[in-house]
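Down below is the structure, laid out as structure tokens.
Number of protein chains: 2
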Amino acid sequence: MISTRGRYAIRVMIDLAENDNGGNYIPLKDIAERQEISKKYLEIIVKDLVNGNFVTGVSGKGGGYKLLRAPKDYTVGEILEHMEGSLSSVACLADKKYNCPRKRKCHTLPMWKEYDKLVHDFFYKKKLSDLL
Amino acid sequence: MISTRGRYAIRVMIDLAENDNGGNYIPLKDIAERQEISKKYLEIIVKDLVNGNFVTGVSGKGGGYKLLRAPKDYTVGEILEHMEGSLSSVACLADKKYNCPRKRKCHTLPMWKEYDKLVHDFFYKKKLSDLL
DNA sequence: ATAAAACCTATTGACACAGTAGGTAAATGA
DNA sequence: TCATTTACCTACTGTGTCAATAGGTTTTAT
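Taken in sequence, the protein lines are chains A and B.
Taking the numbering used here, the leading residue of the first sequence gets 20, the next gets one more, and so forth.
Taking the numbering used here, the leading residue of the second sequence gets 20, the next gets one more, and so forth.
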């Protein structure tokens, strides 16, 4: 299940893409109003987007946030993966370091791997520009 | 993320399929040992499988559980959906009765719908017999 | 009667999710 | 210089789910 962190993050990115007039900064207050999401909560989410180098922000009057790349240069997958920690459907695959003792005899592992690939491919093929 | 409830349920079903010699009942104790899962926890899960008419159980000596259909007549999707409540990736689609006020203008909804269909199709095409 | 099994109710610890609260720092413009 | 606007920062909290555990009762075959 994709949480609000991931979903709101994408909506913020879309909002930034749509309201960009060439390098202007967009205040979070405006985004929160348009998207009907608590500004306080969005602060946490946008902070994480800044952290992941998806957007940049400047303080002070006239400040706000803006994208760092063109919308076509973002994949939905990289955004979701950053916000959610992992896109993996099962615990045994989400943690890359985890070495399941049953993996040799596990009858379900191949299915989870196949599923994981399906999900990964779907979201990494999807560009931010596809959502505008 | 698919929880242990769903994943263990599938492993139980596989175990029942593999250890079936024509209508015999398999005690949960054996399944728990083979699968290396706490029997107590499995009780909850198997109860839910009984509830959903995936397996049947009889009490008493010589009792246990068995499948109600041939392995090829179960889809992984129906098992997971029953155990997890819903396969939907996002809250706005998981609850069928929920009518999102933003659905007309939501730029992400089409993507979630597309994703949901992908997931649904994947798991409903997958049969229990494919996992043996 | 006894043993083996399912079946039932209740409880728990840990954790994540979805926020809220209240502040500090930076930048601009009047 | 000072007020305003904005991002940025730390901490807290209620709610719920997950993953079990505990301790029983009932059913059935031998």
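Positions of the beta carbon are idealized from the N, C-alpha and C atoms, including for glycine.
Since the structure is predicted, the reported quantities are computational estimates derived from the model, not experimental observations.
Determine whether the Cβ of L35/B lies closer than 7 Å to any Cβ atom of chain A.
Indexing the second sequence from 1 puts residue 35/B at position 16. It does not: the Cβ of L35/B has no partner Cβ on chain A nearer than 7 Å.
Reference A51/A; option with closest CA among D67/A, K144/A, R30/A, S107/A:
Indexing the first sequence from 1 puts residue 51/A at position 32. Among D67/A, K144/A, R30/A, S107/A, the Cα nearest to that of A51/A belongs to R30/A.
Report, in whole angstroms, the separation of the C-beta atoms of I45/A and Y84/A, which I expect to be a contact under 8 Å.
What you label residue 45/A is simply residue 26 of the first sequence in a count that begins at 1. What you label residue 84/A is simply residue 65 of the first sequence in a count that begins at 1. Right, their Cβ atoms sit about 6 Å apart.
Looking at S22/A and P90/A, is the spacing between their C-beta atoms short of 7 Å?
Taking the first sequence and counting its residues from 1, one reaches residue 90/A at position 71. Taking the first sequence and counting its residues from 1, one reaches residue 22/A at position 3. Cβ distance not < 7 Å, so P90/A and S22/A don't count as in contact.
What residues in the segment 92–116 of chain B bring their beta carbon closer than 8 Å to a beta carbon of chain A?
Within the segment 92–116 of chain B, the residues whose Cβ lies closer than 8 Å to any Cβ of chain A are, in chain order, V95, S107, S108, V109, A110, A113.
K145/A - partner residues in DSSP beta bridges:
Within the first sequence, the letter at position 126 stands for residue 145/A. K145/A pairs with nothing; no bridge assigned.
Would you kindly report the start and end of the unbroken alpha helix (DSSP H) that includes Y27/A?
Here the question's residue 27/A lines up with position 8 in the first sequence. Its alpha helix (DSSP H) spans residues 23–37.
Which term fits I98/A, buried or exposed, when burial requires 16 or more other beta carbons within 10 angstroms of its beta carbon?
Here residue 98/A refers to the residue found at position 79 when the first sequence is read from its first residue. A residue is called buried when at least 16 other Cβ atoms come within 10 angstroms of its Cβ; I98/A meets this threshold and is buried.
Look up G96/A in the DSSP assignment and say whether it is helix, strand or coil.
As a first step, residue 96/A is located in the first sequence; it is residue number 77 there, counting from the start. Here G96/A sits in helix by DSSP.
Using three-state DSSP, classify Y84/B as helix, strand or coil.
The residue you call residue 84/B lines up with position 65 of the second sequence. Of the three classes helix, strand and coil, the one that applies to Y84/B here is strand, per DSSP.
Tell me which residues share the same chain as D135/A and place their Cβ nearer than 7 Å to its Cβ, disregarding the 5 neighbours each side in the sequence.
What you label residue 135/A is simply residue 116 of the first sequence in a count that begins at 1. Closer than 7 Å at Cβ, skipping near neighbours: S107, S108, L112.
Along the chain, where does the alpha helix (DSSP H) containing V65/B start, and where does it finish?
Position 46 of the second sequence, counted from the first residue, corresponds to residue 65/B. From DSSP, the alpha helix (DSSP H) with V65/B extends over 58–70.
Under the three-state DSSP convention, the category V109/A falls into:
Mapped onto the first sequence, residue 109/A falls at position 90. In the structure shown, V109/A sits in coil (DSSP, three-state: anything other than H, G, I, E or B).
Just to make sure I have the definition right: I need the residues of chain A whose C-beta is within less than 9 Å of the C-beta of N52/B. Which are they?
Taking the second sequence and counting its residues from 1, the one referred to as residue 52/B is at position 33. The question names Asn, but residue 52/B in the sequence shown is Glu. Residues of chain A with a Cβ closer than 9 Å to the Cβ of E52/B do not exist; the shortest Cβ-Cβ separation is about 13 Å.
Kindly indicate if chain A contains any beta-carbon less than 7 Å away from that of H139/B.
In the second sequence, residue 139/B corresponds to position 120, counting from 1. Not closer than 7 Å to any Cβ of chain A, the Cβ of H139/B fails to qualify, so no.
With respect to the beta strand (DSSP E) encompassing G76/B, which residues constitute its N-terminal and C-terminal limits?
The sequence position of residue 76/B within the second sequence is 57, counting from 1. Counting along the chain, the beta strand (DSSP E) containing G76/B begins and ends at 74–77.
Suppose the cutoff is 8 Å on Cβ atoms and the five residues either side in sequence are ignored; what does the same chain contact list for E155/A look like?
No answer is possible for residue 155/A: the residues shown for chain A start at 20 and end at 151.
Could you list which residues in chain B have their beta carbon closer than 7 Å to that of Y134/A, in chain order?
Position 115 of the first sequence, counted from the start, is the residue given in the question as residue 134/A. Correct list: F141.
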